[in-house]
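For reference, the structure discussed in these notes is given below.
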Amino acid sequence: MPDDFERMWGDLAPVGRSASSGGYFRQPFTSPERELHAWFGEQCTARGLRIESDDFGNVVGWWDIRSDDPAVLTGSHLDSVLDGGAYDGPLGVVSALAAIDLMRARGVVPSRSLGVSVFVEEEGSRFGLACLGSRLAAGAISWDVARSLTDRDGVALGDVVAGGTSSLLAGVGTFVELHVEQGRDLVDRGTAIGVASEIWPHGRYRFDFTGAANHAGTTRMEDRADPMLTYALTVLAANEQARLAGHRATFGRVSVEPNGTNAVPSKVTGWLDARCATDAGLAELVAAIERQAAERTEVDGTSLRLTAESVSGSVAFDPALAAAVAADHEGGDWPIIATQAGHDAGILSAAGIPTAMLFVRNPTGISHSPDEHASIADCLVGVSALADTLERLTR
Ligand code: GLV
Ligand code: MN
Ligand code: MN
1 MPDDFERMWG DLAPVGRSAS SGGYFRQPFT SPERELHAWF GEQCTARGLR IESDDFGNVV
61 GWWDIRSDDP AVLTGSHLDS VLDGGAYDGP LGVVSALAAI DLMRARGVVP SRSLGVSVFV
121 EEEGSRFGLA CLGSRLAAGA ISWDVARSLT DRDGVALGDV VAGGTSSLLA GVGTFVELHV
181 EQGRDLVDRG TAIGVASEIW PHGRYRFDFT GAANHAGTTR MEDRADPMLT YALTVLAANE
241 QARLAGHRAT FGRVSVEPNG TNAVPSKVTG WLDARCATDA GLAELVAAIE RQAAERTEVD
301 GTSLRLTAES VSGSVAFDPA LAAAVAADHE GGDWPIIATQ AGHDAGILSA AGIPTAMLFV
361 RNPTGISHSP DEHASIADCL VGVSALADTL ERLTR
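Just so we're aligned, residue 1 is where the sequence shown starts under the numbering used here, counting upward by one.
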């Protein structure tokens, strides 16, 4: 059924694509992302899958089977980071639909219900909290807290979605997410498919640096309280700390007030994304960066307030499930590899649902960028790998 995958991929290609960069802007509850959700509904209907939505905007298309056995769920997300790639998220959704087509073409009838899920706001690109939809569905965050999260224009989540409850995961016994690989591990190993062992702990931290606005020309250098300096030194400190210890630290978002060329800024806010192999390592990394930032405020005459906006602990995927998914394939077992990226699969795993992830090779190794890629040939290997996995799990 290669045509199914390519036809669906072609349907999605223009939606939310920037004419200048070629990247995607599919922020949750904006029109491109809503268009993708409508498309998903049509695809489910065309396949006779029963659509179930929750109060948060998450959706599952169910292949219902009369059985008391817990259901198997597979899927991913359709939202993107700002100017993101085509594959992060949509590859898992399109592959899930194509895997169902392939199973049906093989004459497979599952012995338990099988669902294709789409979770909203996986990237946290609009409301700041990654995996927001799956956290809400799993009860990992309450609606009372989530409803007041705001986007950059001050619009609250509670203003764009009704909120309430979710029973999407009630009868789910296993979750499988297929995802484009976001590094070069599979390229280096020369294999198209990998299986996830774990997700590194990671978090997002807001650093608010406050100083004093003043004239860029008339204020002597020694008379300034410039938060941009404190911010700049903190960025360098974060980079150095992470490099020395083999962690990850990134300031990828910054806002400056009043943001004028000829004024010393009054405030700089930078968001740190930090990731480590262990929970303790993550806490130490952030504490070390905070310490260096605080020391620098003394030099600059500025002040710092640090807020942990979200921290996701270490996730170890079910090892027996990973081993079973990885074993016995033509050409040998698939490698079992760790990832530093967050996923809805991590949230469901932490909620106690046995979960597995399949990765599809990304020849550029680049992700969260328009250069993210996977060849059609590898995507089709991924569809077949997912169909094999779902067949095993629903037997
Ligand atoms: C999501 O892709 C993340 O790792 O931030
Ligand atoms: Mn993703
Ligand atoms: Mn992502």
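Using N, Cα and C, we set each Cβ at its ideal position, and we do this for glycine too.
From the options, residue whose alpha carbon lies closest to that of residue i
i      : options                           : result
Ile347 : Gly382, Glu177 and Leu36          : Glu177
Ala387 : Trp62, Val108 and Val311          : Val108
Ala345 : His215, Val195, Gly163 and Ala288 : Val195
Ser20  : Ala377, Ile366, Pro370 and Trp143 : Pro370
Leu393 : Val118, Val172 and Leu236         : Val172
Ser166 : Ala137, Leu229 and Val59          : Ala137
Ser18  : Asp3, Asp273 and Ser80            : Ser80
Glu123 : Gly61, Ala98 and Glu33            : Glu33
Val268 : Gly260, Ala274 and Arg275         : Gly260
Asp223 : Asn214, Thr230 and Arg243         : Asn214
Thr210 : Glu257, Val60, Gly128 and Val180  : Glu257
Gly402 : Ser31, Arg275, Arg189 and Gln27   : Missing from the structure shown is residue 402; the chain here goes from 1 to 395 and no further.
Arg445 : His247, Arg152 and Gly281         : Given that the chain is displayed from residue 1 to residue 395, the structure contains no residue 445 and the question cannot be resolved.
Val72  : Ala96, Leu129 and Leu91           : Ala96
Met228 : Ser31, Ser303, Asp64 and Leu321   : Ser303
Ala245 : Ser375, Gly331 and Ile289         : Ile289
His179 : Leu390, Val383, Asn262 and Gly61  : Val383
Arg47  : Ala385, Val161, Ala99 and Phe359  : Ala99
Asp279 : Ile51, Arg189 and Gln340          : Gln340
Ser255 : Glu240, Gly281, Asp208 and Val286 : Asp208
Presumed contact (8 Å Cβ cut-off) between residue i and residue j, rounded CB distance
i      : j      : result
Ala192 : Val325 : That pair is no contact at about 15 Å.
Val264 : Thr219 : 6 Å
Ala338 : Trp143 : Their Cβ separation, rounded to whole angstroms, is 32 Å, which puts Ala338 and Trp143 out of contact at 8 Å.
Ala293 : Ala237 : 7 Å
Arg361 : Asp333 : The Cβ separation is near 16 Å, so there is no contact.
Val120 : Gly57  : 4 Å
Gly342 : Cys44  : The Cβ separation is near 26 Å, so there is no contact.
Pro14  : Trp63  : Not a contact, Cβ separation roughly 29 Å.
Val60  : Gly115 : 4 Å
Cβ pair residue i, residue j closer than 9 Å
i      : j      : result
Thr74  : Phe175 : yes
Leu397 : Phe40  : In this structure the chain extends from 1 to 395, so residue 397 is not present and cannot be described.
Gly183 : Asp55  : no
Val94  : Met8   : yes
Gly270 : Ala212 : no
Val315 : Gly203 : no
Ala274 : Arg296 : no
Ala350 : Ala140 : yes
Thr307 : Tyr231 : no
Leu168 : Ser117 : yes
Gly128 : Glu309 : yes
Ala322 : Ser197 : yes
Pro363 : Val235 : no
Pro90  : Leu36  : yes
Pro335 : Asp185 : yes
Simplified DSSP state of residue i, which is helix, strand or coil
i      : result
Leu400 : Nothing in the structure corresponds to residue 400, since the chain is present only between 1 and 395.
Ile336 : strand
Glu257 : strand
Asn214 : strand
Ser197 : strand
Ile51  : strand
Thr389 : helix
Met8   : helix
Leu82  : coil
Ala225 : coil
Glu181 : coil
Pro349 : With the sequence shown as reference, residue 349 is identified as Ser, and Pro is not the correct amino acid for it. In the structure shown, Ser349 sits in a helix (DSSP, three-state: H, G or I).
Ala105 : helix
Leu73  : strand
Ala360 : Looking at the sequence provided, one finds Val at residue 360 rather than Ala. Residue state, collapsed to three classes: strand.
Thr234 : helix
Ala377 : helix
Gly61  : strand
Gly89  : coil
Thr45  : helix
Where residue i falls, given that 16 or more other Cβ within 10 Å makes a residue buried
i      : result
Glu298 : exposed
Met357 : buried
Asp88  : buried
Ser447 : The structure shown does not extend to residue 447, since the chain is modelled only from 1 to 395, so the question has no answer here.
Arg305 : exposed
His368 : buried
Arg243 : exposed
Ser148 : exposed
C-beta neighbour in chain E for residue i, strict 9 Å
i      : result
Asp101 : The structure shown contains no chain E, having only a single protein chain.
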